[in-house]
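Trainee:
In my numbering, the protein residues as written are 24 to 322.
Written out as structure tokens, the structure is:
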């Protein structure tokens, strides 16, 4: 999945100056996805549905929430495959459209069960995070553009919600997953998993280095386009007031990193940090709703 920090910022700023509301919220973007192999097809997830362009942004088409299969303030995770198919996570399962008009759910084993995250790797593999209280949880993978899905390796226990799935741009078999597990009478347990073989096996990564509150979530923010080990993680609700942080690691495979990777807090702001993008030259950009665009030349 390719990201465009400039487009994210443009969408956020454009939304912030309009007096309109979208489902009771100011209109804003939630995700930008580019069609693999295309320079003209862009999908923009917004708080009022979807915006789609097939001509590099010259014209945009709006797809409303009800057409996708959801309503209200829920924000699905979206993806766009090389074939042009659009994918959206909903409480009624993973849904797709191949013509931009007719939406349908995928077949079992996912079926109508809750899917909370979806990702398309550089090799075309589709990963979906099933987190259903009845059907169970796990990461499922398709290698035929979503015609069929199969379970990947065991994660070592139930996961109640998958926040994000990301694959390395330079090594598509390297997959990261972030989510959490609910615990009675305790804050949710944040989790990060990593696979280096396309989901055949997973390792649970330590998360104790993150400074979190009882309501923080860990979300995968970005992966370096040149280094599959360089991962950026977003910590939401990192303080009692509005504030988020970004952490970076680049030593997943360093044998000296005993007990797991070491993390460095690289950004700490009294604002939300919804978008992070890493360029080929190592520059990192982070977007915020009220504090503008932040740039780093050294990560």
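Cβ coordinates follow ideal geometry from the N, Cα and C atoms, glycine included.
Cα-Cα, which of 189, 273, 216 and 92 is closest to residue 149?
Mentor: Along the chain shown, one-based indexing puts residue 149 at 126. For residue 149, the nearest C-alpha among the options comes from 189.
Trainee: Does DSSP put residue 189 in a helix, in a strand, or in coil?
Mentor: By 1-based counting over the chain shown, the position of residue 189 is 166. Strand at residue 189.
Trainee: Can you name, in chain order, every residue of its own chain whose Cβ lies under 6 Å from the Cβ of residue 53, other than the five neighbours on each side?
Mentor: On the chain shown, residue 53 is found 30 positions in, with the first residue counted as 1. Contacts found: 68 and 98.
Trainee: Three or more C-beta pairs closer than 8 Å, one from the stretch 167–175 and one from the stretch 201–215: is that the case here?
Mentor: With the cut-off at 8 Å, the stretch 167–175 and the stretch 201–215 do not touch.
Trainee: To which residues does DSSP link residue 202 through a beta bridge?
Mentor: Against the chain shown, residue 202 aligns to sequence position 179. Answer is 185 and 214, bridged to residue 202.
Trainee: Let me make sure I understand the geometry here. Which of 296, 319, 210 and 301 has the alpha-carbon closest to that of residue 312?
Mentor: Against the chain shown, residue 312 aligns to sequence position 289. The shortest Cα separation from residue 312 among 296, 319, 210 and 301 belongs to 296.
Trainee: Take residue 215 as the anchor and find which of 195, 208 and 183 has the nearest alpha-carbon.
Mentor: Your numbering for residue 215 matches position 192 in the chain shown. That would be 183, whose Cα lies nearest to the Cα of residue 215.
Trainee: On the three-pair Cβ rule with 8 Å, is the stretch 132–148 touching the stretch 77–88?
Mentor: Too few Cβ pairs lie closer than 8 Å, so no.
Trainee: Confirm, please, whether the CB-CB distance from residue 251 to residue 193 is below 7 Å.
Mentor: In the chain shown, counting from the first residue as 1, residue 193 sits at position 170. In the chain shown, counting from the first residue as 1, residue 251 sits at position 228. Yes, Cβ-Cβ distance for residue 193 and residue 251 is below 7 Å.
Trainee: Should residue 242 go down as buried or exposed, given a rule of 16 or more other Cβ atoms within 10 Å for buried?
Mentor: Taking the chain shown and counting its residues from 1, one reaches residue 242 at position 219. Buried, since its Cβ has 16 or more Cβ neighbours within 10 Å.
Trainee: Using alpha carbons as the reference points, say which of 258, 249, 164 and 102 lies closest to residue 286.
Mentor: On the chain shown, residue 286 is found 263 positions in, with the first residue counted as 1. Comparing Cα-Cα distances from residue 286 to each of 258, 249, 164 and 102, the minimum goes to 258.
Trainee: I need the straight-line Cα distance from residue 161 to residue 266, nearest angstrom please.
Mentor: By 1-based counting over the chain shown, the position of residue 161 is 138. By 1-based counting over the chain shown, the position of residue 266 is 243. So the alpha carbons of these two residues sit roughly 30 Å apart.
Trainee: Taking the beta carbon of residue 225 as the centre, do at least 16 other beta carbons fall within 10 Å, making it buried, or is it exposed?
Mentor: Within the chain shown, the letter at position 202 stands for residue 225. So residue 225 ends up on the buried side.
Trainee: Quick check for students: name the residue ranges of the alpha helix (DSSP H) that lie wholly in the stretch 83–137, counting only runs of 4 or more.
Mentor: Complete alpha helix (DSSP H) runs here, min 4: 88–91.
Trainee: Name the DSSP bridge partner or partners of residue 323?
Mentor: Nothing can be reported for residue 323: it is not among the residues displayed for the chain, which extend from 24 to 322.
Trainee: Between the beta-carbon of residue 310 and the beta-carbon of residue 322, is there less than 7 Å?
Mentor: Indexing the chain shown from 1 puts residue 310 at position 287. Indexing the chain shown from 1 puts residue 322 at position 299. Against a cut-off of 7 Å, the Cβ pair of residue 322 and residue 310 comes out as no contact.
Trainee: Tell me which same chain residues have a C-beta within less than 6 Å of the C-beta of residue 110, skipping the five on either side of it?
Mentor: Counting from 1 along the chain shown, the entry for residue 110 is found at position 87. Contacts found: 102, 119 and 141.
Trainee: Grab me the residues of residue 381's own chain with a C-beta within less than 7 Å of its C-beta, minus the 5 sequence neighbours each way, in chain order.
Mentor: Since the first and last residues shown for the chain are 24 and 322, residue 381 lies out of range.
Trainee: Taking residue 236 and residue 271 to be in contact with their CB atoms under 8 Å, please state how far apart those CB atoms are, rounded to whole angstroms.
Mentor: Here residue 236 corresponds to residue number 213 of the chain shown, with the count starting at 1. Here residue 271 corresponds to residue number 248 of the chain shown, with the count starting at 1. Actually they do not touch by this definition, with Cβ atoms about 20 Å apart.
Trainee: Between 129, 100 and 169, which has its C-alpha nearest residue 139's C-alpha?
Mentor: Position 116 of the chain shown, counting from 1, holds the residue named residue 139. Closest option to residue 139, Cα to Cα, is 100.
Trainee: Which one or two residues does DSSP pair with residue 159 in a beta bridge?
Mentor: Here residue 159 refers to the residue found at position 136 of the chain shown. According to DSSP, residue 159 bridges with 155.
Trainee: Please classify residue 96: is it buried, with 16 or more other beta-carbons within 10 angstroms of its beta-carbon, or exposed?
Mentor: As a working mapping, residue 96 is identified with position 73 in the chain shown. Under this definition residue 96 is an exposed residue.
Trainee: Leaving out five residues on either side along the sequence, give the residues of the same chain with a beta carbon under 7 Å from the beta carbon of residue 66.
Mentor: Here residue 66 corresponds to residue number 43 of the chain shown, with the count starting at 1. So the list reads 56, 73, 75, 101, 103 and 109, once near-sequence residues are dropped.
Trainee: When burial is assigned at 16 or more other CB atoms within 10 Å of the CB, is residue 234 buried or exposed?
Mentor: Taking the chain shown and counting its residues from 1, the one referred to as residue 234 is at position 211. Exposed, since its Cβ has fewer than 16 Cβ neighbours within 10 Å.
Trainee: I think residue 303 touches residue 249, with their Cβ atoms under 8 Å apart; what is that distance to the nearest whole Å?
Mentor: For this step, residue 303 is matched to residue 280 along the chain shown. For this step, residue 249 is matched to residue 226 along the chain shown. Residue 303 to residue 249, Cβ: 6 Å. Contact.
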